[in-house]
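There are 2 protein chains.
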Amino acid sequence: MSTQGPSPALFFETISAYQRTEALRAAVDLDLFTHLGAGPRTAAELAVACGASSRGVRILADYLVIIGFLIKQGDVYELTPDSKVFLDRKSPAYVGDATRFLLLPDLRESFSRLTEAAKKGGTALSGEGTVSDDNPVWVEFARAMAPLMRMPAQLLANLVGSDPDRPLRVLDVAAGHGVFGITIAERNPRAHVTALDWRNVLAVAQENADRAGVADRYALLPGSAFDVDWGGPYDVVLLTNFLHHFDVPTCERLAVKAHEALAPGGRALTLDFIPEPDRVTPPATAGFALVMLATTPRGDAYTFAEYQDVFARAGFARSEFHALPPTAQQVVASYKS
Amino acid sequence: MSTQGPSPALFFETISAYQRTEALRAAVDLDLFTHLGAGPRTAAELAVACGASSRGVRILADYLVIIGFLIKQGDVYELTPDSKVFLDRKSPAYVGDATRFLLLPDLRESFSRLTEAAKKGGTALSGEGTVSDDNPVWVEFARAMAPLMRMPAQLLANLVGSDPDRPLRVLDVAAGHGVFGITIAERNPRAHVTALDWRNVLAVAQENADRAGVADRYALLPGSAFDVDWGGPYDVVLLTNFLHHFDVPTCERLAVKAHEALAPGGRALTLDFIPEPDRVTPPATAGFALVMLATTPRGDAYTFAEYQDVFARAGFARSEFHALPPTAQQVVASYKS
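Heads up: the sequence lines are chains H and V, in that order.
Read in order, the letters of the first sequence correspond to residues 50 to 386 in the working numbering.
Read in order, the letters of the second sequence correspond to residues 50 to 386 in the working numbering.
What follows is the structure, given as C-alpha cells:
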C-alpha cells in the first residue's frame, strides 16, 4: 500500500493480526518447519511429509513467506536462517513447544475479554487470573518456555559472573523451569542453588537440573513465595519474570523478603520487562504491560525508577539497570549494602 | 531486538500477534479513538470519557502507541492522522464497525481450526463454510464493510468512466452493501444498476441506494448468483470480491453467465485480491489466500493469468489487469468482444 494520504492499511493489518498467530501455530502443529529442515521442498512434496493437502500447504507456506518465516524460490520453499534455528524440531534451540504456553485457552480468553479488563483495570478472568495459587498454567509454562529462556539465562549468568574458587549461594524465586538458576550453577562449580516454587512446578526444574548435571548442588523449596520462609543467607536472590505479576506493595513485600534472605554484600537480580519512562519503548518490552492487564489483577511492566523505589523502600542500598540485548528483557541489580 | 545473529523475536511477535487484534477491538469497543478525537487527553481523562479504569486505559493506550494507532507526548495521547480519518466515529470515513464482520465468531473459529483446514485443503467449518446459502454472515458483511469499500469503489468507478450522455446498464453480482454499483450510479446520471444478492442482503444495498439518492435507477434481483437468470443485456457486469470464494470451474460457470448477460462491447469487471504469479506479493494481496483456505472449501486468491484463462474459456475476447493503489486490490477487465 502507498504511504501517501490516509490509509486504512494498518487497521486491516491489525484487525487481522490474529491470522498470523494461527498460521504460525498451524505450521508448528504440522511440523512444517521440521519437514523443511531436510531441504527445500515444493508444496506438493511438503504436503506429503506433513500429512496435509497440497493446496492447504501451498496457501499456508505462501503466507509464511509473506510474514517472514520461509523463503520461496520459484515454487520451492525453504527455511529462513531464524526458522532453521528456532522452528526445526531437530535444532537444540527449538522453541515451537512454547506455543503450548503462549496460546493456552486461559490466556486467549483473557485477551478476548480485554475490553472488560480495560474497564476494570485488571484481568476479566475470575479471581486472581493466572497468578492464582497452584494454577496448573505454570507447570505448562515451565515445560514449554525453558527453550526460550536459555538466551536470557546466559546473559543473566554473565551479570552474576563466575569465580571457580568462590562459593555462591543462590535462591531462585518462582524458579519455574529453573533455567536461570541452573545456568548459574553450570557456570559456577561452587554455586549452590535453591529453587522456590509450587511443588508440581519444581518437578520440572528438578528434571532440568538433573539433565544439566547440577542436581547435587540443587535444592528444592516447595511452596508459595509469599508464605514459605526463604531461608538463607544467599549471595544472590533471583526474581525472574515474577514481579510483573503484582502491584507495587506486593513487589515491596517480596523485596523485603529478598533483603532479609540476602547475606551482607548480596544482591537481588530482577529480570523483567522494564520499559523506558515513556512506557512505549522499547516496543517489545513496553508491550508486555498489556499481557499483565489481560491476565493479572494488578501486574505491570514497571520502569527502572519504579523498581528503584521498591528496592530502596525494602532497605536495599542501591539499584543498577542492565539491558540484555538482543532480548526484550532487562535486569535491575539491587545491592543489600 | 538486534537483527544480528539468530533471534526468536519474529516468533514471539507472531505468536502474540492476536493481542494486537484484541487491543484494537477493545479500543474500538470503548470508542477510545472517538473520545480522543476531541483533542489530546491523559489516560485519566480518557478513562472518564470511556467509562473505563485509568490504569486499564493507560496500559491499552500505551500499547496502541506501540502498534501505531496513537501518538504519546509526555503523558498525553493523541490520534495519528490515519486514526483521525478511520477510527473517530465522527469521521465520514469511520471503519470501526468493520470489526463486527472481520471478527465474527465463525471467522475466528475457522482460523482456530487452520491446521485442520491445511490438512483438508479447505475450511474446517461444516458444509460450505461462509459461502453456504443465505449465510447471515453476509448481512453483517454488508452493514459492516461498506465504509471500507468506498475507496476501492471510487477507484473502480474511475475505470468504468463517466459519460453523462450515455446510458449504462450495470449488473452488480453479489452486491452486498451495493457500494460498487451505487458509486457508478452516482458518477453516471444515466446509469441503471441491478443488484443481485440474497434478499436479506439486498435490504442493506437498497438502504445505501436510497441514501445515495440513486434509488430510481436501482433494481433488485434477489436470489443465488448461481440459480437466478441474470437478465440483461448489460454494459458492465461487476464481480467484486466474489470469485475468490470458489474453485476455478465455479468461477468459469459464473464467467459464462457474465458473458451471456453482457451486450456486445460489454465487459466484466472482477475486483479481487490478485497476487503476482509468485503468490507472495504484494503481501496484503497475496495473504488473502489464507482467509479463503480458512473459510471456504475451495476459494483462493487467483493470479491474473488464472483469471485470464477463466474468462477466455468463458468466451471473452481479452482481459486487462489494473492495480488499484493505494488499496490491496486489483481489477481484471474482461471484454466480451
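By construction, the Cβ of each residue, glycine as well, lies at the ideal position given by its N, Cα and C atoms.
Requested in this report: Kindly list, in the order they appear in chain V, the residues whose Cβ is closer than 7 Å to that of Asp111(H).
Outcome: Within chain V, the residues whose beta carbon sits less than 7 Å from that of Asp111(H) are Arg328, Val329, Ala335, Ala338, listed in sequence order.
Query - Reduced DSSP secondary structure (H/G/I, E/B, other) of Thr83(V) - result: helix
Query raised in the report: Taking Cβ positions, are Val285(H) and Tyr267(H) nearer each other than 8 Å?
Result: Result no, Cβ atoms of Val285(H) and Tyr267(H) do not sit closer than 8 Å.
Query raised in the report: Can you give the beta carbon distance from Met198(V) to Phe150(V), rounded, assuming they're within the 8 Å contact cut?
Result: With a Cβ gap of about 11 Å, Met198(V) and Phe150(V) do not count as contacting.
Query raised in the report: Which one or two residues does DSSP pair with Asp137(H) in a beta bridge?
Result: For Asp137(H), which the question treats as bridged, DSSP gives no partner whatsoever.
Query raised in the report: Beta-carbon separation of Leu318(V) and Leu217(V) under 8 Å?
Result: no
Requested in this report: Could you check the C-alpha separation between Ser211(H) and Ile233(H) for me, to the nearest Å?
Outcome: Straight-line Cα distance between these residues: approximately 8 Å.
Query raised in the report: Along the chain, which unbroken stretches of the alpha helix (DSSP H) at least 4 residues long are found entirely within the segment 292 to 316 of chain H?
Result: 297 to 310
**Report entry** Through-space distance from Val186(V) to Lys121(V), alpha-carbon basis
**Finding:** 37 Å
Requested in this report: Taking all protein chains shown into account, decide if Ser273(H) is buried (16 or more other Cβ within 10 angstroms of its Cβ) or exposed.
Outcome: exposed
Query raised in the report: Does any residue of chain V bring its CB to less than 8 Å from the CB of Asp131(H)?
Result: yes
**Report entry** chain V within 8 Å of Arg104(H), Cβ atoms only
**Finding:** yes
Query raised in the report: What do you get for Ser51(V), buried or exposed, if any count of 16 or more other CB atoms within 10 angstroms of its CB means buried?
Result: Reliability fails at Ser51(V), whose pLDDT of 42 lies under 50, so the model's placement of it is uncertain and the value that follows must be treated cautiously. Flag for Ser51(V) reads exposed.
Requested in this report: Give the straight-line distance between the Cα atoms of Arg104(V) and Phe337(H), rounded to the nearest whole angstrom.
Outcome: 14 Å
Query raised in the report: Looking at the C-beta of Tyr67(V), does it have a partner C-beta in chain H at a distance below 8 Å?
Result: yes
Query raised in the report: Which one of Gly117(H), Pro55(H), Phe60(H), Leu113(H) has the shortest CA to CA distance from Ser56(V)?
Result: The shortest C-alpha separation from Ser56(V) is found at Gly117(H).
**Report entry** Neighbour-count burial assignment, Pro201(V), 16 or more Cβ in a 10 Å radius
**Finding:** buried
Requested in this report: Decide yes or no for the touch test of the segment 352 to 359 of chain V against the segment 318 to 329 of chain V: beta carbon pairs closer than 8 Å, at least 3 of them.
Outcome: yes
Query raised in the report: Going by DSSP, which residues form a beta bridge with Leu320(H)?
Result: Per DSSP, Thr289(H), Val380(H).
Query raised in the report: Is the shortest distance between the beta-carbon of Leu151(H) and the beta-carbons of chain V less than 8 Å?
Result: yes
Query raised in the report: Taking any Cβ of chain V, which residues in the segment 156 to 170 of chain H have a Cβ under 8 Å from it, in chain order?
Result: Arg157, Phe160, Ser161, Leu163, Thr164, Ala166, Ala167, Lys168, Lys169, Gly170
Query raised in the report: Of the residues Phe295(H), Arg138(H), Phe61(H), which one's Cα is nearest the Cα of Pro196(V)?
Result: Phe61(H)
Query - Tyr143(V) versus Leu208(H): straight-line alpha-carbon distance, rounded - result: In this model, Tyr143(V) and Leu208(H) are separated by some 51 Å (Cα to Cα).
Query raised in the report: Phe190(V) and Gln68(H) look like a contact to me (Cβ under 8 Å); what is the Cβ gap, rounded to whole Å?
Result: With 8 Å as the limit, Phe190(V) and Gln68(H) do not qualify as a contact, their Cβ atoms being about 17 Å apart.
Query raised in the report: DSSP on Phe370(V), reduced to helix/strand/coil?
Result: strand
Query - For Thr345(V), the three-state DSSP class (helix, strand or coil) - result: Annotated three-state conformation of Thr345(V) is coil, per DSSP.
Report task. Mind listing the chain B neighbours of Val144(V)? Cutoff is C-beta to C-beta under 8 Å, in chain order. Result -> Included in the structure are the protein chains H and V, with no chain B among them.
Query raised in the report: Where do the ends of the beta strand (DSSP E) carrying Val219(V) lie?
Result: Looking at the DSSP string, the run of the beta strand (DSSP E) that includes Val219(V) is 217 to 222.
**Report entry** Same chain, Cβ closer than 6 Å to Arg248(V), five either side skipped, listed in chain order
**Finding:** Pro271
Query raised in the report: Taking DSSP as the reference, what is the three-state secondary structure of Glu158(H)?
Result: helix
Report task. Measuring alpha carbon to alpha carbon, tell me which of Val253(V), His226(V), Pro213(V) ends up nearest Glu235(V). Result -> With distances taken between Cα atoms, Glu235(V) lies closest to Pro213(V).
**Report entry** Buried/exposed call for Phe275(V), threshold 16 Cβ in 10 Å
**Finding:** With fewer than 16 Cβ atoms within 10 Å of its Cβ, Phe275(V) is classed as exposed.
**Report entry** Contacting residues, own chain, Cβ-Cβ under 8 Å from Leu152(H) (five flanking each side not counted)
**Finding:** Thr70, Arg74
Report task. Return yes when the Cβ of Ile64(H) is within less than 8 Å of the Cβ of Leu342(V), no when it is not. Result -> no
Query raised in the report: Cα-Cα, which of Ala304(H), Val329(H), Thr376(H), Pro374(H) is closest to Arg367(H)?
Result: Ala304(H)
Report task. Could you tell me the distance, in whole angstroms, from the CA atom of Thr376(H) to the CA atom of Lys139(H)? Result -> Cα-Cα distance, rounded: 23 Å.
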